[in-house]
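First the structure, in the form of structure tokens, and then the observations on it.
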Amino acid sequence: MIVFEDDIHFSKSATVLLKQFEWLPKKFDVIKLETMYERVVINKGVSLVLGHMLCRHMCMAGYIISQQGAKKLLAMTEKLGIDRPVDHIMFDRLIEQKNSSVHQTFPALCIQDKIYNRDSVRFGSVLEDARKVVIAKQKPSGFEKVSIELIRVFAQLSPKRIGYTGWLIMKGYKKRKINFPQ
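Okay, here's the thing in structure tokens:
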């Protein structure tokens, strides 16, 4: 299945490649068709069309997902839940699995308008507005700030020695001897 967002621009070569499918690998999970102008680590010795992705990446403006890839993605979300945007699950967690086959076309076949035209406001995003909402947090008191920083420092220096007990002590809990009445 080929998926495109509604705010993309296609390259000139997209028409040719999307009319024929001989260039697709026999077995794959996902083929990312877009670019964000970011560096992507791919395997050595790749063709001019397709490279095996070896690093995390994001955005889902254009991709091809195989039936097997969709099944893997569904199984992963059922097992681990959806705790982050789907593109992070698809291009982080799927890539982390040794048995997954995620590829990147290059040059890219499409690009999102907000990346292609950075100043463009033609395609607004409801999601972007929702992501900008910041939840107001209560500021910690002076003592809380100090204890938080001490916990952080000790955890970085020796997380095994401090452990959960050390964390509780730093939070103000006290160690008490439990007496056994004779």
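Under the numbering used here, the letters of the sequence shown match residues 254 to 435, in that order. Cβ atoms here follow ideal geometry from the backbone N, Cα and C, with glycine treated the same way.
Query: Simplified DSSP state of H305, which is helix, strand or coil; Result: Note that H305 scores 49 on pLDDT, short of 50, meaning its location in the model is unreliable and no value can be drawn from it.
Query: Where Y290 falls: helix, strand or coil (DSSP); Result: coil
Query: contact_flag[the stretch 318-337, the stretch 390-398] where n(CB pairs < 8 Å) is 3 or more; Result: no
Query: Integer Cβ distance of D366 from D260, believed to fall under 8 Å; Result: 4 Å
Query: C-alpha distance - H262 paired with M254, whole-angstrom precision; Result: 19 Å
Query: Status (buried if at least 16 other CB within 10 Å, exposed otherwise) for L333; Result: exposed
Query: Unbroken alpha helix (DSSP H) run spanning G322, endpoints; Result: Q320 to L333
Query: Assigned secondary structure, K263 (DSSP; H/G/I helix, E/B strand, else coil); Result: Checking the sequence shown, residue 263 turns out to be Phe, not Lys. Strand at F263.
Query: T268 burial status per 10 Å Cβ neighbour count (16 or more: buried); Result: exposed
Query: Residues bridged to Q391 [DSSP beta-bridge criterion]; Result: According to DSSP, which records beta bridges pairwise, Q391 is partnered with nothing at all.
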